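Input: a single structure, listed below in structure tokens.
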Amino acid sequence: MLNLRLLILVLGLFLSKLALFLLVPMTVGLITLDGTVFDFFTAAMITGAVGGAMITFGKLAPSRPNSMLRARDMFMLTSMVWLIFSSMAALPFVFIEHISFTDAFFETISGVTTTGSTVLSDLPNHAPSILIWRSILQWLGGIGFIVMGVGILPYLNVGGMKLFQTESSDWSDKQVPRLKHYTALLFTAYSILTALCMVCYKLSGMSWFDAINHALTTLSTGGYSTSDASMAGFPVAAHWVAIVFMFAGGIPLLLFIQSARRKSLNPWQDQQLMGYLKLVLLASAVLTAYLYMTHQQSLIDAARLSLFNVISIVTTTGFALTDYSAWGALAAGLFFLLTFAGGCSGSTAGGIKIFRFQVAWEIMLRHLRSQVHPYGTFTARYNKRPISDDIVASVLTLAFLFMLTMALLTLFLAALGLDFVTALTGAVTAVCNVGPGLGDTIGPAGNFSSLPDAAKWALGIGMLAGRLEITTLVILFLPKFWKK
Numbered sequence: 254m255l256n257l258r259l260l261i262l263v264l265g266l267f268l269s270k271l272a273l274f275l276l277v278p279m280t281v282g283l284i285t286l287d288g289t290v291f292d293f294f295t296a297a298m299i300t301g302a303v304g305g306a307m308i309t310f311g312k313l314a315p316s317r318p319n320s321m322l323r324a325r326d327m328f329m330l331t332s333m334v335w336l337i338f339s340s341m342a343a344l345p346f347v348f349i350e351h352i353s354f355t356d357a358f359f360e361t362i363s364g365v366t367t368t369g370s371t372v373l374s375d376l377p378n379h380a381p382s383i384l385i386w387r388s389i390l391q392w393l394g395g396i397g398f399i400v401m402g403v404g405i406l407p408y409l410n411v412g413g414m415k416l417f418q419t420e421s422s423d424w425s426d427k428q429v430p431r432l433k434h435y436t437a438l439l440f441t442a443y444s445i446l447t448a449l450c451m452v453c454y455k456l457s458g459m460s461w462f463d464a465i466n467h468a469l470t471t472l473s474t475g476g477y478s479t480s481d482a483s484m485a486g487f488p489v490a491a492h493w494v495a496i497v498f499m500f501a502g503g504i505p506l507l508l509f510i511q512s513a514r515r516k517s518l519n520p521w522q523d524q525q526l527m528g529y530l531k532l533v534l535l536a537s538a539v540l541t542a543y544l545y546m547t548h549q550q551s552l553i554d555a556a557r558l559s560l561f562n563v564i565s566i567v568t569t570t571g572f573a574l575t576d577y578s579a580w581g582a583l584a585a586g587l588f589f590l591l592t593f594a595g596g597c598s599g600s601t602a603g604g605i606k607i608f609r610f611q612v613a614w615e616i617m618l619r620h621l622r623s624q625v626h627p628y629g630t631f632t633a634r635y636n637k638r639p640i641s642d643d644i645v646a647s648v649l650t651l652a653f654l655f656m657l658t659m660a661l662l663t664l665f666l667a668a669l670g671l672d673f674v675t676a677l678t679g680a681v682t683a684v685c686n687v688g689p690g691l692g693d694t695i696g697p698a699g700n701f702s703s704l705p706d707a708a709k710w711a712l713g714i715g716m717l718a719g720r721l722e723i724t725t726l727v728i729l730f731l732p733k734f735w736k737k
């Protein structure tokens, strides 16, 4: 059975922390006098009251002896945290923007899942406090997924994540303190990189307010901006800063920590990182040559535009620099395929993740060799470690669920009357947590405000499913999950 007492207690603790974070934009509103102080205070009080009630219930309710969160509880917890957190964090949008709860929830779930899709427009004229709140949501979602990817998903063996299991992924009584230690290290490294990004943005010509907002949404690979033109509204130097830190956001944060301890970084030792680097360089080189040969851009501008947009899509950041759908069929097709890739496991990036494509490649090579040499013995390896059958099954299951989810979501959106390009790319970008799709409506130059409410709810659930690696959410709908 589910340990409801502990689940409610942990959810209450998360909401109590959310109430504290709501005080940050309230302080911004107090400084800028934008008229949002009371609204954020009200949202913080409601969130704190709900969280406090849940904590009180969790502490007073009778508990089973030696009770702790087991695998079944973790599946439920990872889904409920994102859902309840997003519901409460949506309150400021309802109070301040005077939009429906549907739009507020869509904006919030897009933020915490670091998708970057938005229903808001005319961003420079919005209250500074609401803009910083959007950025904070993405920053929190980014570090939340890193912790989940390092400590929880490997423990649950979701999508082959056991390949990256460390001592911090062990949820036994002995190792839980190790997870707390790793979480503190991850939070520190994440904060340092964010601060460094902020300073670089400021030096590139941004104001401090824009630098802070974009630093929060760059490291988290979220993509929310303070300008309707996204990064196109800022100096060229800021584009290069974004290129560097978006790429860093797609690298496993644990790798930065391990490198700092060893005082060296050898990317040749990590198969996933090298695959990520090669994909970005190859795709960028193809687009740079294409833009240069078609005389659309100079070589340096072609390289900048190509690198920026490729990294933005691969890392699922979603920053826009130009409407790349106008570059022609080759560029549109390439960007659509890159949408599926994602960054590295253990990073803030969404998508299917590089390592799963690499595992599938190794399995394919093993199968082809066995066809040529039927009596030979071949072992598929990843980072010099054998790929076990349960990891293969987990990767294949997640890949199938990814495609099935996107197909069903596409059909649902099409049934609501959306054109095929909007329905398909909307489904793909939601599940892969990318942000903009293709077409005039939800492309890099548009947003999601004109979509019907049913479409927004469906896309919101798609974002959540993609952020939780599909399996974590789907397993809750199995009848056996609810049996004792």
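The sequence shown begins at 254 in my numbering and counts up by one.
For each residue, glycine too, the CB sits at the ideal point set by N, CA and C.
Source: prediction; values computed, not measured.
Asked                                                                                                                             : Found
For residue 635, the residue or residues it bridges with in DSSP                                                                  : 638
Separation of residue 412 from residue 650, as counted between CA atoms                                                           : 7 Å
Which of helix, strand or coil DSSP assigns to residue 669                                                                        : coil
Nearest-angstrom Cα separation, counted from residue 275 out to residue 464                                                       : 20 Å
At least three beta-carbon pairs within less than 8 Å, the stretch 585–596 to the stretch 558–574                                 : yes
Rounded C-alpha distance that separates residue 580 from residue 586                                                              : 10 Å
Cut-off 6 Å between Cβ atoms - residues of its own chain near residue 348, not counting five sequence neighbours on either side   : 292
DSSP three-state assignment for residue 593, whether helix, strand or coil                                                        : coil
Residue 600 - containing alpha helix (DSSP H), residue span                                                                       : No alpha helix (DSSP H) holds residue 600; DSSP gives it neither H nor E.
Beta-carbon separation (whole angstroms), residue 440 vs residue 405, contact threshold 8 Å                                       : Not really, about 15 Å apart at Cβ, beyond 8 Å.
Buried/exposed call for residue 732, threshold 16 Cβ in 10 Å                                                                      : exposed
Rounded separation between residue 628 and residue 615 - CA only                                                                  : 19 Å
DSSP three-state assignment for residue 615, whether helix, strand or coil                                                        : helix
Simplified DSSP assignment, three categories, for residue 543                                                                     : helix
Through-space distance from residue 582 to residue 548, alpha-carbon basis                                                        : 16 Å
Which listed residue (589, 328, 493 and 544) has its alpha carbon closest to that of residue 408                                  : 328
Closest Cα partner of residue 578 within the set 655, 690, 665 and 528                                                            : 690
Beta-carbon contacts of residue 556 that lie in its chain and below 6 Å, excluding the five residues immediately before and after : 541
Inter-residue spacing [alpha-carbon to alpha-carbon] between residue 639 and residue 416                                          : 10 Å
Enclosing alpha helix (DSSP H) for residue 350 [first to last residue]                                                            : 344–350
Candidates 668, 258 and 685, of which the one nearest residue 607 by Cα                                                           : 685
Extent of the continuous alpha helix (DSSP H) run through residue 391                                                             : 381–400
Which listed residue (401, 353 and 438) has its alpha carbon closest to that of residue 330                                       : 401
Buried versus exposed call for residue 298 [16 or more other C-beta atoms within 10 Å across all chains shown]                    : exposed
Length of the line joining the Cα atoms of residue 456 and residue 289                                                            : 30 Å
Length of the line joining the Cα atoms of residue 502 and residue 475                                                            : 10 Å
Other residues of its chain near residue 451: CB distance less than 6 Å, five sequence neighbours each side excluded              : 464, 465 and 468
Distance between residue 362 and residue 287 (C-alpha atoms, nearest Å)                                                           : 24 Å
Minimum length 4: unbroken alpha helix (DSSP H) runs contained in the stretch 683–732                                             : 706–720 and 724–727
Coil, strand or helix - residue 433 by DSSP                                                                                       : helix
Expected contact under 8 Å - CB spacing of residue 552 and residue 545 to nearest Å                                               : 5 Å
Whole-number beta carbon distance between residue 576 and residue 697, since they are thought to touch under 8 Å                  : 5 Å
Backbone CA spacing between residue 444 and residue 511 [nearest angstrom]                                                        : 16 Å
Reference residue 387; option with closest CA among 453, 277, 704 and 485                                                         : 277
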